[in-house]
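Number of protein chains: 2
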Amino acid sequence: MTKIRANLAVSLDGFAAGPNQSAEHPFGDGVGETLHRCMERWMFEDAENNKEEIDGHVSATAFIMGRNMFGPIRGEWDAEWNGWWGPNPPYHAPVYVLTHHARESVEMEGGTTFHFVTDGIESALEQARAAAGDGDVLVAGGVTTVNQYLAAGLIDELRLHVVPVVLGAGERIFDGVGELTLEPISTRATKFVTHLTYQPKR
Amino acid sequence: MTKIRANLAVSLDGFAAGPNQSAEHPFGDGVGETLHRCMERWMFEDAENNKEEIDGHVSATAFIMGRNMFGPIRGEWDAEWNGWWGPNPPYHAPVYVLTHHARESVEMEGGTTFHFVTDGIESALEQARAAAGDGDVLVAGGVTTVNQYLAAGLIDELRLHVVPVVLGAGERIFDGVGELTLEPISTRATKFVTHLTYQPKR
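Read top to bottom, the protein sequences are chains A and B. Mapping the first sequence onto the numbering used here, position 119 (from 1) lands on 118, and the numbers just tick up by one. Mapping the second sequence onto the numbering used here, position 196 (from 1) lands on 195, and the numbers just tick up by one.
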């Protein structure tokens, strides 16, 4: 059965992105860069010990992402902007991008197609679920988008990659989500990061 | 060698106490009560599986606590107020209480003596360290006090008991601590709570 999953790298104080995201600093100021560097370390320098979690990022058969994850926050994307990932993005599946601006779908190399959804998170989820077949839907980020889906009670499994730093600023997981009880599914420490997997309760 | 340790139960969004602490609600509004109930569950209903962590709360040979942990926040303690714990508190060792108001030390049953320290966190630590002998000093709480010691770089080992709830309000671990890098020491999931142990780096 299709699960709706979300994975997010967060600092020990819950920050998943820095403030002031821009084209020059897509992860935001210092904070976001620090998180991104940590993420590269556990995904590349310690890949073997994190295989399950890395697979969890790429094994979904449909993806959803917020507009800030697809492109710079400020200013509209020009017609040439097809995400940060070059001609062959790492999704290899349909990706539903939440935005307020309608745009034609864009087919990339390697099986990734970006679809632009202007009528909200539930519509995006419906479309992603239909496209996913028996596979999972991954809400790929950013943190604001994950929080919206958590607040709406639409996430079946949340995995946090906890990076052992305290950052003190940025965009925080669970902000505005309200009260929520989760069931711990698994906990695993690796060299650079601790993986905590939870199932939000309805 | 004496280690300076801190243990704290926190929600998944980092809250360690509710807002509006009072004599009637020593852990604060709903949030704090929820955390306290969870803590009772893992300490009493699942004690065997949490032996190491429970021992970690009581094995220190000297303790430090903030004034809000010792007594209600508002109004001065009257001369009869000797903490929340009755005649035989669970510390069985000297406890240094941070306060702005000088008071004679109070010897309780079972080896607990409350000392009142008016000249700041470093003085309290010096006194606790001298009293601890070869044992550890535990900064018992509350969260504001733990944050002060973290900000000052005085904690050798921080253990978080992560309760799988999102609370959305209260007093947060790491608030005001600034940027900090920690080394993960251990991670352990039990039925009601996930224990994360870190060593703050200098």
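Even glycine gets a Cβ: it sits at the ideal position worked out from N, Cα and C. Only a predicted model underlies this, so the values are computations on that prediction, with no experimental measurement involved.
Is the shortest distance between the beta-carbon of residue i and the beta-carbons of chain B less than 8 Å?
i	result
residue 176/A	yes
residue 156/A	no
residue 153/A	no
Could you confirm whether any beta carbon from chain A is found closer than 8 Å to the beta carbon of residue i?
i	result
residue 185/B	yes
residue 61/B	no
residue 164/B	yes
Determine, using beta carbons only, whether residue i and residue j come nearer to each other than 8 Å.
i	j	result
residue 148/A	residue 120/A	yes
residue 142/A	residue 16/A	yes
residue 183/A	residue 193/B	yes
residue 140/A	residue 64/A	yes
residue 267/B	residue 58/B	Nothing can be reported for residue 267/B, as the shown portion of chain B is limited to 0 through 201.
residue 186/B	residue 186/A	yes
residue 5/A	residue 160/A	no
residue 133/B	residue 1/B	yes
residue 115/B	residue 128/B	no
residue 203/A	residue 45/A	Lying before the first or after the last residue shown, residue 203/A is absent from chain A, which here runs from 0 to 201.
residue 138/B	residue 3/B	yes
residue 165/B	residue 12/B	yes
residue 81/B	residue 108/B	no
residue 175/B	residue 27/B	no
residue 197/A	residue 157/A	yes
residue 69/A	residue 105/A	no
residue 41/A	residue 191/A	yes
residue 43/B	residue 30/B	no
residue 130/A	residue 89/A	no
residue 167/A	residue 177/B	yes
residue 99/A	residue 117/A	yes
Could you work out which residues of chain A lie near residue i, taking near to mean beta carbons separated by less than 7 Å?
i	result
residue 86/B	Neighbours of residue 86/B on chain A: none; closest Cβ ~37 Å, over 7 Å.
Can you tell me whether DSSP reads residue i as helix, strand or coil?
i	result
residue 124/B	helix
residue 100/B	coil
residue 38/B	helix
residue 197/B	strand
residue 79/A	coil
residue 91/A	coil
residue 65/B	coil
residue 151/A	coil
residue 130/B	helix
residue 208/B	Past the edges of chain B, shown from 0 to 201, lies residue 208/B, and the structure says nothing about it.
residue 3/B	strand
residue 172/B	coil
residue 189/B	coil
residue 26/A	coil
residue 33/B	helix
residue 178/A	coil
Going along chain A in order, which residues have a C-beta closer than 8 Å to the C-beta of residue i?
i	result
residue 13/B	12 and 13
residue 193/B	183, 186 and 195
What residues of chain A sit near residue i, judged by a beta carbon separation below 9 Å?
i	result
residue 167/B	173, 174, 175, 176, 177, 178 and 179
For residue i, is the beta carbon positioned less than 7 Å from some heavy atom of the ligand GDP?
i	result
residue 181/A	This structure simply doesn't include the ligand GDP, nor any ligand for that matter.
In chain order, what residues of the region 124 to 137 of chain A put their CB closer than 9 Å to some CB of chain B?
none
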